[in-house]
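Numbering (our numbering), first residue to last: 21 to 128. Every residue gets a Cβ at the ideal spot worked out from N, C-alpha and C, and that includes glycine. Here's the structure we're looking at; comments come further down.
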(Lines of atoms letter the chains of each structure in order from A; the text may use other names.)
(Lines give C-alpha, C1' and ligand atoms only; values in the text may rest on other atoms or scores of the structure.)
Protein backbone atom coordinates (compact mmCIF):
# COMPACT_ATOMS: atom_id res chain seq x y z
CA UNK A 21 0.00 0.00 0.00
CA UNK A 22 2.90 2.34 0.66
CA UNK A 23 3.98 1.80 -2.95
CA UNK A 24 0.78 3.51 -4.12
CA UNK A 25 0.65 6.09 -1.31
CA UNK A 26 -2.62 4.74 0.12
CA UNK A 27 -3.43 6.01 3.59
CA UNK A 28 -4.23 3.04 5.86
CA UNK A 29 -6.78 5.02 7.91
CA UNK A 30 -8.58 6.04 4.74
CA UNK A 31 -8.55 2.47 3.40
CA UNK A 32 -9.82 1.11 6.74
CA UNK A 33 -12.65 3.67 6.77
CA UNK A 34 -13.56 2.72 3.19
CA UNK A 35 -13.61 -1.01 3.98
CA UNK A 36 -15.67 -0.46 7.16
CA UNK A 37 -18.22 1.66 5.30
CA UNK A 38 -18.37 -0.92 2.52
CA UNK A 39 -19.01 -3.71 5.02
CA UNK A 40 -21.74 -1.89 6.96
CA UNK A 41 -23.55 -0.42 3.95
CA UNK A 42 -23.23 -3.27 1.44
CA UNK A 43 -26.98 -3.94 1.24
CA UNK A 44 -29.16 -1.66 -0.90
CA UNK A 45 -31.32 -0.99 2.11
CA UNK A 46 -29.28 -1.73 5.26
CA UNK A 47 -32.48 -1.99 7.32
CA UNK A 48 -33.76 -4.78 5.02
CA UNK A 49 -30.92 -7.25 4.57
CA UNK A 50 -30.41 -8.95 1.23
CA UNK A 51 -29.87 -12.68 1.92
CA UNK A 52 -27.45 -13.20 -0.99
CA UNK A 53 -25.89 -9.90 -2.06
CA UNK A 54 -24.41 -9.19 1.35
CA UNK A 55 -21.06 -8.28 2.84
CA UNK A 56 -20.48 -12.04 3.35
CA UNK A 57 -20.95 -12.57 -0.40
CA UNK A 58 -18.49 -9.74 -1.08
CA UNK A 59 -15.92 -11.29 1.25
CA UNK A 60 -16.39 -14.71 -0.37
CA UNK A 61 -15.93 -13.34 -3.90
CA UNK A 62 -12.93 -11.26 -2.81
CA UNK A 63 -11.26 -14.27 -1.21
CA UNK A 64 -11.88 -16.37 -4.33
CA UNK A 65 -10.41 -13.68 -6.57
CA UNK A 66 -7.33 -13.37 -4.35
CA UNK A 67 -6.90 -17.15 -4.48
CA UNK A 68 -6.99 -17.16 -8.30
CA UNK A 69 -4.54 -14.26 -8.47
CA UNK A 70 -2.00 -16.26 -6.45
CA UNK A 71 -1.87 -18.96 -9.12
CA UNK A 72 1.43 -18.63 -11.04
CA UNK A 73 -0.27 -18.67 -14.46
CA UNK A 74 -2.34 -15.65 -13.45
CA UNK A 75 0.08 -13.84 -11.11
CA UNK A 76 2.75 -13.47 -13.78
CA UNK A 77 0.51 -11.06 -15.71
CA UNK A 78 -0.41 -8.80 -12.78
CA UNK A 79 1.45 -5.91 -11.23
CA UNK A 80 0.74 -4.47 -7.76
CA UNK A 81 -1.79 -1.93 -9.04
CA UNK A 82 -3.63 -4.67 -10.96
CA UNK A 83 -3.88 -6.78 -7.80
CA UNK A 84 -5.11 -3.86 -5.69
CA UNK A 85 -7.67 -2.84 -8.32
CA UNK A 86 -8.98 -6.38 -8.74
CA UNK A 87 -9.36 -6.85 -4.98
CA UNK A 88 -11.28 -3.57 -4.63
CA UNK A 89 -13.41 -4.45 -7.68
CA UNK A 90 -14.28 -7.84 -6.21
CA UNK A 91 -15.18 -6.29 -2.86
CA UNK A 92 -17.55 -3.72 -4.38
CA UNK A 93 -18.96 -5.76 -7.28
CA UNK A 94 -22.49 -6.05 -5.82
CA UNK A 95 -22.47 -3.02 -3.51
CA UNK A 96 -26.05 -2.01 -2.71
CA UNK A 97 -27.54 -4.70 -4.96
CA UNK A 98 -31.32 -4.56 -4.36
CA UNK A 99 -31.71 -8.35 -4.61
CA UNK A 100 -33.98 -8.34 -7.64
CA UNK A 101 -33.43 -8.68 -11.39
CA UNK A 102 -33.31 -6.02 -14.08
CA UNK A 103 -36.66 -7.30 -15.39
CA UNK A 104 -38.25 -6.87 -11.97
CA UNK A 105 -36.94 -3.30 -11.73
CA UNK A 106 -38.38 -2.52 -15.16
CA UNK A 107 -41.76 -4.15 -14.44
CA UNK A 108 -42.14 -2.22 -11.19
CA UNK A 109 -40.93 1.03 -12.76
CA UNK A 110 -38.40 1.43 -9.99
CA UNK A 111 -36.34 4.59 -9.55
CA UNK A 112 -33.25 2.67 -10.68
CA UNK A 113 -34.98 1.52 -13.89
CA UNK A 114 -36.01 5.07 -14.65
CA UNK A 115 -32.54 6.44 -13.88
CA UNK A 116 -30.90 4.03 -16.34
CA UNK A 117 -33.66 4.06 -18.98
CA UNK A 118 -34.43 0.35 -18.47
CA UNK A 119 -31.04 -0.59 -19.94
CA UNK A 120 -28.59 -2.78 -18.01
CA UNK A 121 -29.89 -1.26 -14.80
CA UNK A 122 -27.91 -3.23 -12.23
CA UNK A 123 -24.75 -3.21 -14.32
CA UNK A 124 -24.88 0.58 -14.65
CA UNK A 125 -25.85 0.97 -11.00
CA UNK A 126 -22.85 -1.04 -9.80
CA UNK A 127 -20.44 0.96 -11.94
CA UNK A 128 -21.60 4.18 -10.31
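- Collapsing the DSSP output to three states places residue 22 in a helix.
- Straight-line measurement puts the Cα of residue 100 at about 15 Å from the Cα of residue 114.
- Assignment of residue 82 by DSSP, reduced to helix, strand and coil, places it in the helix class.
- Counted as a single uninterrupted DSSP element, the stretch harbouring residue 41 is not any alpha helix (DSSP H), since DSSP gives it neither H nor E.
- Classified as exposed, residue 31 has fewer than 16 neighbouring CB atoms from the shown chains inside 10 Å of its CB.
- Of all C-beta pairs linking the region 77 to 84 to the region 108 to 125, fewer than three are shorter than 8 Å, placing the two stretches out of contact.
- DSSP places residue 60 inside the alpha helix (DSSP H), whose first and last residues are 55 to 69.
- Burial of residue 90 is indicated by the presence of at least 16 other C-beta atoms within 10 angstroms of its C-beta.
- In this chain, the alpha helix (DSSP H) harbouring residue 72 covers 72 to 75.
- Within the same chain, 87, 90 and 91 come within 8 Å of residue 62 by CB-CB distance, once the 5 residues on both sides are set aside.
- Around the CB of residue 58, 16 or more other CB atoms lie within 10 Å, so the residue is classed as buried.
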